[in-house]
Amino acid sequence: MIELLASHYTYLTAMVILAVGLYGVVASPNLVKKIVALNVFQVGIFLFFISSAFVLDGVPAIGTHGPGPYVSPLPHVLILTAIVVGVSLTAVGLALVVRIYDGYGSLNEQVIREVQADD
Amino acid sequence: MTDALVLLVVAPIVAALLPLGIGLFIRGSGQYIALAMAVLQVALSLLVLEEVLTAGAFSYDVAGYAPPFGIELIGDGVSAPLLVLIASVTLAVVLYSFRSGPQGDSFYGELAFLTAGLSGLVATGDVFNLYVFLEITGLATYALVASDSSPAAAYASLKYLIVGTIGASFYLLGVGYLLVATGTLNMADLASSIPEVGYTSPLILAAFGLIVVGLGVKVALFPLHTWQPDAYAESPHTISAHIAALVSTAAAYALFRIVYGVFTVDFLAAVPIARDTLLAAAGISVIVGAVLAVVQRDLKRMLAYSSVSHFGLVVLGVSIGNETALAGGLIHLVGHGVMKAGLFLAVGVFAMGAGVKTVQDLSGLGTRYPITSAAFGVLAFSMVGVPPAIGFPGKWNIIMGAVQAGEWIVAVIVVTSALLTLGYFGRLLERLYFTESITNTDQSVKADGGHPEDVSVLLRTIVVVAALAAVGLGFWATELIDVFQPVMEVYFT
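Protein chains in written order, with the numbering used here: chain X, 3 to 121; chain Y, 99 to 591.
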């Protein structure tokens with residue numbers, strides 16, 4: 003078991019980051035912190051993809067390195083796209099948070115719910 | 099004319115940028131660009147459909163890279179009718195937005211962006227590409243839901259953003275597992291390499307679970323539906339119609355593609371727990387969504403919960419795992435798009451003319467808006483499943499498929515849901531036609547300050563067209579199954 007964990011520690015780290023992010027999204031009442039946690043959650047997935055490409059003693063598949071194991075470039079490319087998606091989501095999310103703050107005067111979810119219930 | 103398929107995705111992306119660029123110089127040009135885009139989409143999607151009907155399924159290699167390494171776009175018997183649905187609802191919504199809010203160049207840019215995402219989602223044959231289009235669709239939807247300037251809309255949109263992103267991320271994680279297990283992302287390629295890995299391999303099972311949960315969020319299956327009522331209720335009527343008709347529809351279509359095109363029927367047969375869980379989740383959504391719809395007072399919220407219930411029906415059709423039920427699910431997918439768009443647009447007419455927000459506000463409107471009310475009634479009965487409208491053949495095929503598969507409980511659930519649907523739509527019709535108007539004494543000033551005559555003929559015509567389309571499609575349902583048939587033959591051999 004310990005050996006398995008030691009040899010797969012990148013996957014383990016990815017899952018821990020993912021879980022921390024998900025916990026943050028659910029548990030934090032602050033909307034900005036929720037969005038940051040959402041980012042952390044996505045980073046866990048990115049790390050999972052990147053570590054799946056790892057090859058022992060592998061070289062990047064760019065230029066000429068001669069024969070030898072290459073690191074798969076595909077997950078890197080995919081994650082490059084996913085990072086762009088993540089940035090856009092963060093931007094839209096933060097823009098919405100600005101409008102919510104203008105409207106309710108608070109970033110706390112509980113306070114916003116109370117204001118909504120009063121209306 | 100296979101190029102029409104890729105143009106369906108490229109044209110709206112271009113059209114999404116144009117209003118922002120040209121709008122700097124000519125304000126208000128956005129609506130004409132959006133109209134031109136929508137007409138072009140309808141023409142292109144009809145070309146794709148014609149190609150599929152005459153020559154059969156075809157695929158397009160994006161940028162000339164052959165699959166499995168390049169991205170593949172697929173035009174076949176299921177994607178082509180869905181593309182036509184997306185294009186025609188978009189056209190209706192663009193026309194509707196001319197006389198209704200919100201307008202502005204950025205709004206039309208977002209609308210075109212959403213169309214690009216939806217068309218791509220339906221046409222793609224690559225699981226990672228599907229993720230990208232899922233997020234494009236999501237981003238455009240979040241922006242559109244918040245286009246009403248109230249803070250409540252922004253809050254509903256943020257909620258949708260957070261839940262939707264978590265769903266899409268789960269989907270991405272599932273794709274990661276598939277990539278690790280098979281080394282490919284192309285759907286057809288995955289379908290042949292997954293059996294080599296083994297259906298019960300933990301990687302494959304985890305991938306299935308994550309992908310289904312991720313798409314379940316986007317489809318709004320029961321425990322994952324919480325974003326939907328707020329998003330539908332707080333967004334402007336035009337937008338609720340568009341996203342209610344198309345966004346979850348495209349996600350449900352993606353679920354169908356993943357289950358049959360990637361994991362295949364053999365997977366469902368080999369892993370009964372996957373099928374049973376999907377069936378149970380769908381069945382619970384059908385009943386709970388309908389019950390929650392019955393207790394709603396807010397009209398748009400009721401329609402939103404009705405969507406939860408009806409997408410449950412579609413997923414039931416997909417997860418039973420035989421041809422009849424699948425055909426029923428797909429018909430209901432197309433039909434629900436037409437009917438829900440029509441219902442939301444009709445609610446928009448009532449809201450603009452008489453300030454209707456709740457079920458009670460509908461009282462006595464049947465005499466004041468005879469045509470819109472009639473169209474609303476036709477659409478409502480179609481949702482219940484009264485023949486010959488499109489709501490009937492979908493439900494009927496799902497029930498027949500369930501009986502063939504020996505799933506009697508599913509058949510009972512579908513019938514019960516039809517009765518519950520009658521329950522909540524019956525209440526609306528009773529209000530419309532058999533209740534004295536509560537605002538009769540003061541017709542000139544309405545809750546939102548508008549006047550009844552403000553509602554233009556164009557808006558009412560669009561609602562009537564939707565009602566006619568719902569009935570017309572019902573007569574055309576057997577032909578629609580024939581269109582789906584070649585695809586189902588591929589998946590069921």
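By construction, the Cβ of each residue, glycine as well, lies at the ideal position given by its N, Cα and C atoms.
As the structure is a prediction and not an experimental result, all values here were calculated from the model.
For residue i, the residue or residues it bridges with in DSSP
i, result
"G223(Y)", "None, per the DSSP bridge assignment."
"I85(X)", "I85(X) is not bridged to any residue."
"T456(Y)", "D396(Y)"
"Y72(X)", "V61(X)"
"N284(Y)", "D224(Y)"
"N110(X)", "N32(X)"
C-beta contact flag for residue i and residue j at 9 Å
i, j, result
"L145(Y)", "A102(Y)", "yes"
"L366(Y)", "S417(Y)", "yes"
"A254(Y)", "S333(Y)", "yes"
"V176(Y)", "Q129(Y)", "no"
"S346(Y)", "F268(Y)", "no"
"A342(Y)", "Y330(Y)", "yes"
"A478(Y)", "L463(Y)", "no"
"G46(X)", "L20(X)", "yes"
"N610(Y)", "G236(Y)", "Not covered by the structure: residue 610(Y). The range shown for chain Y is 99 to 591."
"L212(Y)", "A178(Y)", "no"
"S245(Y)", "P200(Y)", "yes"
"V508(Y)", "A190(Y)", "no"
"L344(Y)", "V413(Y)", "no"
"L271(Y)", "L308(Y)", "yes"
Own chain residues within Cβ distance below 6 Å of residue i, not counting five before or after
i, result
"A113(Y)", "I131, M135, A210"
"T470(Y)", "A444, V447, R558, V561"
"S195(Y)", "T336"
"A185(Y)", "Q139, V140, S143"
"R466(Y)", "none"
"A472(Y)", "none"
Delimiting residues of the beta strand (DSSP E) encompassing residue i
i, result
"D159(Y)", "156-159"
"I172(Y)", "170-173"
Residue i: CB within 8 Å of a non-hydrogen atom of the ligand PLP
i, result
"P69(X)", "Within the structure as shown, the ligand PLP is missing, as the structure has no ligands at all."
Local Cβ density within 10 Å of residue i, reported as buried at 16 or more and exposed below that
i, result
"H434(Y)", "buried"
"P249(Y)", "buried"
"V104(Y)", "buried"
"P293(Y)", "exposed"
"T66(X)", "exposed"
"P370(Y)", "exposed"
"W325(Y)", "buried"
"Y358(Y)", "buried"
"G547(Y)", "Any reading at G547(Y) must be qualified, since the residue scores a pLDDT of 46, below 50, and its modelled position is unreliable; the value itself is stated next. So G547(Y) counts as exposed."
"E5(X)", "exposed"
"P327(Y)", "buried"
"D374(Y)", "exposed"
"G504(Y)", "exposed"
"H10(X)", "exposed"
"Y106(X)", "buried"
"T152(Y)", "exposed"
"A339(Y)", "buried"
"Q118(X)", "exposed"
Own chain, CB closer than 8 Å to residue i, minus 5 neighbours either side, in chain order
i, result
"F573(Y)", "P486"
"L518(Y)", "I385, A388, V389, A391, V392, S407"
"I168(Y)", "The question names Ile, yet the displayed sequence has Gly at residue 168(Y). Answer for G168(Y): D159, V160, A161, G162, listed in chain order."
"D540(Y)", "Its pLDDT being 47, under 50, D540(Y) is placed unreliably by the model, and nothing is read from it."
Start and end residues, alpha helix (DSSP H) containing residue i
i, result
"F50(X)", "33-54"
"V176(Y)", "Premise fails: V176(Y) is in no alpha helix (DSSP H) and is neither H nor E."
"W494(Y)", "489-502"
"L106(Y)", "101-120"
"T336(Y)", "335-354"
"M135(Y)", "128-153"
"Y589(Y)", "575-589"
"E5(X)", "4-9"
"S471(Y)", "468-482"
"A304(Y)", "300-317"
"Y531(Y)", "506-532"
"L366(Y)", "362-368"
Cβ-based neighbour list, residue i, same chain, cut-off 7 Å, excluding 5 preceding and 5 following
i, result
"P75(X)", "A63"
"G121(Y)", "S127, G128, D203"
"V27(X)", "K36, A39, L40, F43"
"S54(X)", "P77"
"G88(X)", "N41, Q44"
"G489(Y)", "G433, M437, S480, M481, V482, G483"
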